[in-house]
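Okay, structure first, notes after.
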Amino acid sequence: MKILALHVDYIRFKPLKKALKNIPELSEKEKKEMHVKEALAVLISIEKGDTDSDKIVQELVKNVKEIAGKVNAEKIVLYPYAHLSSNLASPEKATEILEKAEKELKKSKFSVVEKAPFGYYKEFELKVKGHPLSELSREIKVESVGKEVEEKVDASKLLNEISKTKLDTSKLKENDHRIIGQQMKLFMFHESSPGMPYWLPKGLIVYNELIKFWREKHEKLGYQEIMSPLVNKKQLYQISGHWEHYKENMFISETEENEIYGVKPMNCPNAMLVFKSESRSYKDLPLRLSDTDRLHRFELSGTLNGLLRVRSFQQDDSHNFISEDMIKSEYRHILEICDTFYKIFGMEYSFRLGTRPKKFLGDKKVWDKADKELKDILKNSGRKHTIAEGDGAFYGPKVDIIMKDSQGREWQMGTIQLDFQQPERFELEYTDKNGKKKTPVVVHRVIYGSLERFIGILLEHTNGRLPTWLAPIQVRVLSFTDRNVEHAKQIIKKLGEQIPELRIDADFRNTTVQAKVKDAEIMRIPYIITIGDKEEKEKTLAIRVKGNSKIQTSKLNDFSESLKKEITERK
RNA sequence: GCCUGUGUAGCUCAGUUGGUAAGAGCGUUUCCUUGGUAAGGAAAAGGUCCUGAGUUCAAUUCUCAGCACAGGCUCCA
584 MKILALHVDY
594 IRFKPLKKAL
604 KNIPELSEKE
614 KKEMHVKEAL
624 AVLISIEKGD
634 TDSDKIVQEL
644 VKNVKEIAGK
654 VNAEKIVLYP
664 YAHLSSNLAS
674 PEKATEILEK
684 AEKELKKSKF
694 SVVEKAPFGY
704 YKEFELKVKG
714 HPLSELSREI
724 KVESVGKEVE
734 EKVDASKLLN
744 EISKTKLDTS
754 KLKENDHRII
764 GQQMKLFMFH
774 ESSPGMPYWL
784 PKGLIVYNEL
794 IKFWREKHEK
804 LGYQEIMSPL
814 VNKKQLYQIS
824 GHWEHYKENM
834 FISETEENEI
844 YGVKPMNCPN
854 AMLVFKSESR
864 SYKDLPLRLS
874 DTDRLHRFEL
884 SGTLNGLLRV
894 RSFQQDDSHN
904 FISEDMIKSE
914 YRHILEICDT
924 FYKIFGMEYS
934 FRLGTRPKKF
944 LGDKKVWDKA
954 DKELKDILKN
964 SGRKHTIAEG
974 DGAFYGPKVD
984 IIMKDSQGRE
994 WQMGTIQLDF
1004 QQPERFELEY
1014 TDKNGKKKTP
1024 VVVHRVIYGS
1034 LERFIGILLE
1044 HTNGRLPTWL
1054 APIQVRVLSF
1064 TDRNVEHAKQ
1074 IIKKLGEQIP
1084 ELRIDADFRN
1094 TTVQAKVKDA
1104 EIMRIPYIIT
1114 IGDKEEKEKT
1124 LAIRVKGNSK
1134 IQTSKLNDFS
1144 ESLKKEITER
1154 K
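Residues in the first sequence are numbered from 584 upward in steps of one, following our numbering.
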């Protein structure tokens, strides 16, 4: 607990508005303005460590009495003041302690004891006397004997309290990504961080391959990748407007210096700052700044859903800074990228345009123009799309890419959003042809959407049989008997030499081929090669291709050539 | 966050109307076996029956609270 004791000529305060949820309503008396003269005003912050309320109240009362005695104050005003500490106790605890303290002090001989209401924004005014003892700050701690015992961590007990997450599979389809992910050992969840996937070695291969593909494509299309801080001062989010509208969904972090930081829930504010870091010309536009930084959003617990809705994720994000007359061409450019990407995966999807909502910011004319342009683009594109009138973000219209999961539920994957607002809030500008300063428009766009969700949907659509370039293990070699192990090792070596990036492994266990095939099939390995006496003798490979029980026989060189082609061309 | 369900071994699950009931298969380790494309045989190890409180002589089992997962709402600046 921290206190600041002020000996005042007077203190006047009046509650205005609730600052916290779940705070009881004030009585008529409490609602009124309070004016106390010749008092000791005690500003109080109750902190996390103040667990033993009786003892801490006892200490507080002792201190107040002592200070009041020194300055000859007969009136006491307890004033909850959160700003003395960055490590505040829960409101419940604070209320409890304040009430007890008021009660205790009333038992003493003070003529007046008042307490300002807790959990309200208050206006207040006071005049401090200015003598040497009129301002005293103190930290009040309870020196408890049993404290060391209390703080001793029983790791083993804690391990029982948080464990690996148990999945309730009763309502899931067989091709649910959570089941496939477990079978293929791609990712897991743990109670240590609900809604935040642990990417296991095999899953991270898929993740990184997707990003690699994305990078290759976007580098050629004039995108420039950046990386920016994951934790930012709250001021950044006050500028962007997230603090006001989105704070409840953010993870907040505090530091000792009383500085509040937010863990970033989206990349745009940082991208704005990068744009702003140099003077920009119309010749720089479109300026496409991409990134895949990790984002954290405190999604409601009931909405979490495997990889499809998580609290920690990465997007294949980009912020494209353009001039107003580039909207149409930039959207075309992005829709083309969508085609390229989704064609590769052969997944069904549709577009959904969200137009100007009832509540919107900015110029109606600009909105209408943008809405119309986007409608035209979609109409002329001949792509499957729906229009959701009034469903745009309040800062601009958006085009979403929609896909279905194994239970037929629709999910937003990629999204292309126009933003007229943030460039203004960040006072972005570029110089146009005539030397005039203009504000750019920003297109926020993701193609995969979140990598997490995309992998989830991809697993469900493919039943885990990922295209070979994405498969965590692309080839597995099985030995028929122990006699064939040496030859099998040679095969692996040769394939590895011919295709250096090949992900190949072996199963030389002493068990039947059937059992080994079964395990390899559960892992959805595209190519399963069995090496037996026959193959050794004939110098061939017996290949089980993508779950097909009809075994193909081929020469090593032929196989490696076509495999190499399949992988590098991402077929 | 709300409503409804679920939580037993690394995985999939059985079971106890409160008491010699901590069980199976898979997986793991060891041994036997040397096999032709989704499970060859045997033995062993592996448990805080999600966590905490309560009721009881006795709780994995009943009650309450919490946590997590699932479905549905809501939300998705």
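We treat Cβ as the ideally placed atom computed from N, Cα and C, and that holds for glycine.
Residues in the same chain with beta-carbon distance under 8 angstroms from residue i, minus the five sequence neighbours each way, listed in chain order, please.
i	result
Ala-651	Leu-623, Glu-657, Ile-659 and Phe-693
Lys-653	Leu-716
Thr-998	Lys-981, Val-982, Asp-983, Ile-984, His-1027, Arg-1028, Val-1029 and Gly-1032
Phe-707	Ile-594, Arg-595, Phe-596, Lys-597, Tyr-662 and Ala-699
Gln-1057	Thr-1051, Leu-1085, Arg-1086, Ile-1087, Ile-1108, Pro-1109, Tyr-1110, Leu-1146 and Ile-1150
Leaving out five residues on either side along the sequence, give the residues of the same chain with a beta carbon under 6 angstroms from the beta carbon of residue i.
i	result
Asp-1141	none
Lys-967	Ser-933
Phe-1037	Tyr-1031
Could you tell me which residues DSSP pairs with residue i in its beta bridges?
i	result
Val-591	Ala-622 and Val-711
Trp-994	Met-986
Gln-1000	Lys-981 and His-1027
Val-1128	Tyr-1110
Ala-665	Bridge partners of Ala-665: none, in fact.
Pro-598	Lys-705
Leu-878	Phe-896
Asn-888	Arg-892
Lys-903	The question names Lys, yet the displayed sequence has Asn at residue 903. Partner(s): Arg-871 and Val-1026.
Thr-1014	Ser-864 and Lys-1020
Work out the CA separation of residue j and residue i for me, nearest whole Å.
i	j	result
Phe-701	Lys-676	11 angstroms
Ala-1054	Lys-749	26 angstroms
Tyr-932	Ile-984	7 angstroms
Lys-730	Ile-627	Because the pLDDT at Lys-730 is just 42, under 50, the model does not fix this residue reliably, and the value given afterwards should be weighed accordingly. Approximately 23 angstroms, taken between the alpha carbons.
Lys-600	Arg-721	29 angstroms
Met-986	Glu-1035	14 angstroms
Leu-755	Lys-1099	27 angstroms
Arg-892	Ser-776	14 angstroms
Ser-912	Gly-885	40 angstroms
Thr-923	Val-789	19 angstroms
Val-732	Lys-1129	With a pLDDT of 43 at Val-732, under the threshold of 50, the predicted position of this residue should be treated as unreliable, though the coordinate-derived value follows. Spanning the two alpha carbons is a distance of roughly 59 angstroms.
Ile-1105	Asn-1131	13 angstroms
Please name the residue in the options whose C-alpha comes closest to that of residue i.
i	options	result
Tyr-1110	Ala-1098, Ile-1134, Thr-1095 and Val-1096	Ile-1134
Met-1199	Leu-719, Pro-598 and Ile-627	For the chain, the structure presents residues 584 to 1154; residue 1199 sits outside this window and is missing.
Gln-995	Ile-1074, Tyr-1031 and Ile-680	Tyr-1031
Ile-680	Glu-642, Ser-776 and Val-1096	Glu-642
Lys-942	Lys-1129, Asp-974 and Ser-873	Asp-974
Glu-744	Glu-774, Lys-754, Ile-762 and Ser-753	Glu-774
Glu-1007	Phe-858, Met-1106 and Leu-813	Phe-858
Lys-705	Leu-667, Ser-746, Lys-1117 and Tyr-662	Tyr-662
Glu-907	Phe-834, Ile-960 and Phe-1003	Phe-1003
Lys-712	Glu-621, Ser-691 and Ser-776	Glu-621
Ala-699	Leu-769, Lys-756 and Ser-610	Ser-610
Leu-936	Asp-1088, Lys-817 and Tyr-914	Tyr-914
Arg-1180	Thr-634, Ile-763 and Ser-989	A question about residue 1180 goes unanswered here, because the residues of the chain that appear run from 584 up to 1154.
Phe-881	Asp-874, Phe-834, Asp-899 and Leu-870	Phe-834
Phe-1063	Gln-1081, Ile-1126, Arg-1086 and Phe-1037	Ile-1126
Ala-588	Asp-637, Leu-813, Asn-646 and Gly-824	Asn-646
Gly-632	Ala-602, Tyr-664, Ser-668 and Glu-613	Ser-668
Gln-990	Lys-585, Ala-665 and His-760	His-760
Asn-791	Ser-636, Trp-1052, Tyr-925 and Thr-938	Trp-1052
Leu-1139	Lys-1101, Gln-1081 and Gly-1130	Gln-1081
Gln-1005	Ser-964, Phe-904 and Asn-832	Phe-904
Glu-613	Met-584, Tyr-703 and Lys-683	Tyr-703
Arg-894	Asn-832, Leu-856, Ser-1137 and Leu-741	Asn-832
Inspect the beta-carbon positions of residue i and residue j and report whether they are closer than 9 angstroms.
i	j	result
Gly-1047	Asn-758	yes
Ile-629	Leu-671	yes
Lys-847	Leu-878	yes
Tyr-978	Leu-868	no
Glu-1084	Ile-1040	no
Asp-1065	Phe-1091	yes
Ile-843	Lys-816	yes
Tyr-806	Tyr-820	no
Pro-1023	Leu-870	yes
Lys-683	Val-640	yes
Leu-1001	Leu-957	yes
Met-771	Pro-784	no
Among residues of its own chain, excluding the 5 on either side of residue i, which ones have a beta-carbon nearer than 7 angstroms to its beta-carbon?
i	result
Tyr-865	Ser-906, Tyr-1013, Thr-1014, Asp-1015 and Lys-1016
Lys-690	none
His-801	Ser-873
Gly-889	His-760, Arg-761 and Gly-1039
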